[in-house]
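Engineer: Residue numbering for the sequence shown follows the working numbering, starting at 106 and increasing by one per position.
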Amino acid sequence: MLAEFAVVVFAYMFLINFIIKKTGGAELKEIERDVKKHLAAAKKGDQEALRRLNKANARRMRLSMRANLYIFPLSIPALYFMKWRYAELTMTLFGRQFGWFGSFLILGIPFSLASDRIVKRILKY
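(1) Excluding the five sequence neighbours on either side, which residues of its own chain have a C-beta within less than 7 Å of the C-beta of Met118, listed in chain order?
(2) Measuring alpha carbon to alpha carbon, tell me which of Trp205, Met170, Arg171 ends up nearest Met187.
(3) Return the residue from the list Arg222, Ile227, Lys225, Leu184 that minimises the CA-CA distance to Phe110.
(4) Indicate the three-state DSSP secondary structure (helix, strand or coil) for Leu198 in the structure shown.
(5) Exposed or buried, what is Ala116 when buried is set at 16 or more other beta-carbons lying within 10 Å of its beta-carbon?
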């Protein structure tokens with residue numbers, strides 16, 4: 106049952122990363138570069154750089170919000186499915202037992218990192 110749960114968590118993380126990258130991943134990467142560049146100048150007191158920094162942050166927030174709007178309708182049913190299907194699942198790690206949600210969080214972090222790399226290669230980022 107744990108192997109099945111791990112596959113479901115990986116598929117969920119893959120889908121989430123794919124949606125995020127597809128809805129604005131390349132543009133978000135470009136915005137991050139702009140933010141870093143303008144942040145250095147804004148720290149020195151450049152008002153024009155501060156204005157550009159705020160504008161870039163607003164663009165980044167819009168793109169992130171759009172991705173979240175696509176993810177939210179998928180996340181709620183997926184989490185309810187996992188709760189229903191794996192309610193009795195327990196995973197022991199370092200002498201502590203974790204239920205389905207704790208296991209989801211523990212497995213989700215490395216699976217998210219791995220699926221992020223796979224999605225980047227698929228979409229050629």
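Idealized CB from N, CA, C, for every residue including glycine.
In this text the structure is predicted, and so the values were computed from the model without any measurement.
Structural biologist: If we stick to the structure as given:
(1) Excluding its 5 nearest sequence neighbours in each direction, Met118 has C-beta neighbours in its own chain below 7 Å: Gly213, Phe216, Ser217, Ser220, listed in chain order.
(2) Out of Trp205, Met170, Arg171, the CA that lies nearest to the CA of Met187 is found in Trp205.
(3) Nearest neighbour of Phe110 by Cα position, chosen from Arg222, Ile227, Lys225, Leu184, turns out to be Leu184.
(4) Residue state, collapsed to three classes: strand.
(5) When all chains shown are included, Ala116 counts as exposed.
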